[in-house]
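Working notes for the structure below.
Residue numbers (my numbering), protein chains in the order written: chain A, 31 to 279; chain B, 31 to 279.
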């Protein structure tokens, strides 16, 4: 992990830009953090495009720092400034074509778009954990927050350092990911926008039903993809606080 | 409204037992309440049986008082110590027979059980509001909290003094109530127990979809009918606090 710059977007927050191999990312810590007190860490996931996503990621990093936690994000494969992967771009174009024509993409198109992203992104999040958890500032526990929900589902399944996930049911869900969800056992908080234009509500409900976790909450709110109400963010923050705060032991 | 007794279940809470006509009920206020400062009021609804429900109602009254609000509950028609209504009892027996045989009651049975309860209970809640809101201690705004969800839906539709409802999707939902829900416009917070044994998850989701409200949240948690997790109660409390606290004006 190579740190490029450090700044304070506001007095309470330290932001470091970094690259890990060729992956750009941002790391945020509460300005009050002491280096001798390792922090819980939240992986701030997003649908790709660090540039346009930056304002929303910064707001989520602020909310995470308010809990006393650090936060990290990286660019998705084949997004933002990263090199394009032809198979993913072809599948993305097929999705767009269907949506532009007013349709919902079929399972094959969704699989060819989402599954390669999952296969590439999950080891990258794990590499971020490898790099950060050897630094003295970060002790875990680790949470995953946001979309792409298929990536969060796979990561929750294969990465034991992730102990809680707040997922956003706002992207396409391959059928095989519903099967993988049955093996997920960590606590989950799933946000669903009830009127999300481009997504399949029934598949999202099916995914929620499939998760094997003993604690799982679905919070559905009226509104479209970007209309998540502010109180929903606060409820998600409380979920992470319950599961990532240090025990008294 | 005839007050029968007053006691303090704990130092922070005043409880008054009352009857309104022949309907028994309880009224709770924060012990710190001043008579010159009228309080918001939460109608604590329940599935019937004040005796067995009392411990849970008291816990909900405490949580409501912690918000600075008063709370009131009454017995449902044909429940607890109230006289039995033959048509309701026949329908209840038919529901039990179906459930005991391992089935789900059909729409006709549900209608004959729930709709008479709704028709009787809604004017009784309105009579409680008439009686309380003329007292100096209670100024509104008023919220409805809990099951029976069909009663809450009708009341939200016809009673303009109720400005927010936290509903529990834990009882049978007649089809006509789904239609009435389209005319409900107040903010809603709907709790759904994902694995509620006796209820129809799909009908509950259909009801949530039908509500006409511009702000509506569905919170579904893993677990059976009585397994609502404590954090879900806290989220519901925050919903009421947002909508019933006095504005600064």
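All C-beta atoms, glycine included, are put in the ideal place defined by N, C-alpha and C.
Using a Cβ-Cβ distance cut-off of 8 Å, determine whether residue 48(A) contacts chain B.
At least 8 Å separates the CB of residue 48(A) from every CB of chain B.
Have a look at residue 97(A) and residue 271(B) and give me their C-alpha separation to the nearest angstrom.
Computed Cα separation, rounded: 21 Å.
At which residues does the beta strand (DSSP E) containing residue 101(A) begin and terminate?
Annotation: the continuous beta strand (DSSP E) that includes residue 101(A) extends over 100 to 104.
Express the C-alpha separation of residue 234(B) and residue 99(A) in angstroms, rounding to a whole number.
Going from the Cα of residue 99(A) to the Cα of residue 234(B) covers about 37 Å.
Looking only at C-alpha atoms, which of 63(A), 102(A), 32(A), 51(A) sits nearest to residue 74(A)?
Checking every option, the nearest Cα to that of residue 74(A) belongs to 102(A).
Kindly indicate if chain A contains any beta-carbon less than 8 Å away from that of residue 249(B).
The beta carbon of residue 249(B) falls within 8 Å of a beta carbon belonging to chain A, placing the residue at that interface.
Any contact of the segment 71 to 88 of chain A with the segment 169 to 178 of chain A, i.e. 3+ C-beta pairs under 8 Å?
Enough Cβ pairs lie closer than 8 Å, so yes.
Based on the DSSP output, what are the partners of residue 133(B) in its beta bridges?
Note: residue 133(B) sits in no beta bridge, so no partner.
Helix, strand or coil: how does DSSP classify residue 175(A) here?
Strand at residue 175(A).
In whole angstroms, what is the alpha-carbon distance linking residue 38(B) and residue 84(A)?
Each residue's alpha carbon lies about 53 Å from the other.
From residue 62(B) to residue 266(A), what does the alpha carbon distance come to, in whole angstroms?
A straight-line Cα-Cα distance of about 32 Å links residue 62(B) and residue 266(A).
Out of curiosity, what's the CA-to-CA distance linking residue 153(A) and residue 208(A)?
Spanning the two alpha carbons is a distance of roughly 20 Å.
For a contact meaning CB atoms closer than 8 Å, what does residue 252(A) contact in chain B?
Neighbours of residue 252(A) on chain B, chain order: 243, 244, 245, 246, 247.
Could you check if residue 7(A) is buried or exposed, using at least 16 other CB atoms within 10 Å of its CB as the buried criterion?
With chain A represented from 31 up to 279, any question about residue 7(A) goes unanswered, as that position is not in the structure.
Min CB distance residue 138(B) to chain A below 8 Å:
Chain A, which has no Cβ nearer than 8 Å to the Cβ of residue 138(B), makes this no.
Is the separation between the beta-carbon of residue 70(A) and that of residue 274(A) shorter than 8 Å?
Result yes, Cβ atoms of residue 70(A) and residue 274(A) sit closer than 8 Å.
Straight-line gap, residue 202(B) to residue 180(B) (C-alpha atoms, nearest Å)
Rounded to whole angstroms, the gap between the alpha carbons of residue 202(B) and residue 180(B) is 8 Å.
Kindly give me the distance between the Cβ atoms of residue 214(A) and residue 186(A), rounded to whole angstroms, as I take these residues to be in contact under 8 Å.
Distance from residue 214(A) to residue 186(A) at the Cβ level is roughly 5 Å; contact confirmed, criterion being Cβ atoms closer than 8 Å.
Determine whether the beta carbon atoms of residue 50(A) and residue 161(A) lie at a separation below 8 Å.
The answer is yes: Cβ separation under 8 Å.
Return helix, strand or coil for residue 82(A), following the three-state DSSP convention.
The answer is helix: DSSP assigns residue 82(A) an H, G or I state.
Do residue 200(B) and residue 230(B) have their C-beta atoms within less than 8 Å of each other?
In this structure, residue 230(B) does not lie closer than 8 Å to residue 200(B) by Cβ.
When the Cα atoms are used, what is the spatial distance from residue 254(A) to residue 221(A)?
Just so you know, the alpha carbons of residue 254(A) and residue 221(A) end up roughly 12 Å apart.
What are the start and end residues of the alpha helix (DSSP H) that includes residue 208(B)?
Where residue 208(B) is concerned, the enclosing alpha helix (DSSP H) starts and stops at 205 to 211.
Of all the CB atoms in chain A, is at least one closer than 8 Å to the CB of residue 277(B)?
Any reading at residue 277(B) is ruled out, since the residue's pLDDT is 42, under 50, leaving its predicted position unreliable.
Consult DSSP for residue 57(A) and reduce its assignment to one of helix, strand or coil.
Judged by DSSP in its simplified three-state form, residue 57(A) adopts strand.
State yes or no: is the beta carbon of residue 272(B) nearer than 8 Å to at least one beta carbon in chain A?
Chain A, which has a Cβ nearer than 8 Å to the Cβ of residue 272(B), makes this yes.
Cα separation between residue 169(A) and residue 248(A)?
Inter-residue distance for residue 169(A) and residue 248(A) is about 28 Å (C-alpha atoms, whole angstroms).
Count the CB pairs spanning the segment 105 to 114 of chain B and the segment 141 to 151 of chain B that are closer than 8 Å, and state whether there are at least three.
These segments touch.
Please name the residue in 245(B), 224(B), 128(B) whose C-alpha comes closest to that of residue 260(A).
From the listed residues 245(B), 224(B), 128(B), the smallest Cα separation to residue 260(A) is found for 245(B).
Three-state secondary structure (DSSP) at residue 35(A)?
The answer is strand: DSSP assigns residue 35(A) an E or B state.
Could you tell me the distance, in whole angstroms, from the CA atom of residue 163(B) to the CA atom of residue 139(B)?
C-alpha separation (whole angstroms): 36 Å.
Pick out the complete beta strand (DSSP E) segments inside the segment 183 to 247 of chain B, 3 residues or longer, and give them in chain order.
Taking only runs of at least 3 residues, the beta strand (DSSP E) segments lying wholly in the segment 183 to 247 of chain B are 192 to 198, 218 to 223.
If you measure from the beta carbon of residue 265(B) to each beta carbon in chain A, is any gap under 8 Å?
Chain A contact via Cβ: present.
Identify the contact partners of residue 56(B) in chain A, using a Cβ-Cβ distance below 9 Å as the criterion.
Here the premise fails: no neighbours, minimum Cβ distance about 30 Å.
Confirm, please, whether the CB-CB distance from residue 82(A) to residue 118(A) is below 8 Å.
In this structure, residue 82(A) does not lie closer than 8 Å to residue 118(A) by Cβ.
Determine, for residue 198(A), whether the minimum Cβ-Cβ distance to residues of chain B falls below 8 Å.
With 8 Å as the cut-off, residue 198(A) does not count as an interface residue toward chain B.
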